[in-house]
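In the UniProt record's numbering, the protein residues as written are 1 to 51.
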């Protein structure tokens, strides 16, 4: 599997987790923070590969 596709799948997974976590009444701050870091890292990696 190409690296770009793996990173895109990681980003989609992070978005799915964040959506699911924000729908809960009790939000886990650490989990949300870590997933935001993963999401921003994925976006940064994809943009450096594309550009």
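Ideal placement from N, C-alpha and C gives every residue a C-beta, glycine not left out.
Remember, predicted model here, so these are calculated numbers, not experimental data.
- Near residue 39, what residues of its chain come up, given a Cβ to Cβ distance below 8 angstroms and the 5 sequence neighbours on each side ignored? 11, 14, 15 and 18
- Task: Tell me where the alpha helix (DSSP H) around residue 45 begins and ends.
- Result: 29-50
- Item | Residue span of the alpha helix (DSSP H) that contains residue 20, given as start and end | Annotation: the continuous alpha helix (DSSP H) that includes residue 20 extends over 3-23.
- Query: Under the rule that 16 or more other beta-carbon atoms within 10 Å means buried, what is residue 47, buried or exposed?
  - Reply: exposed
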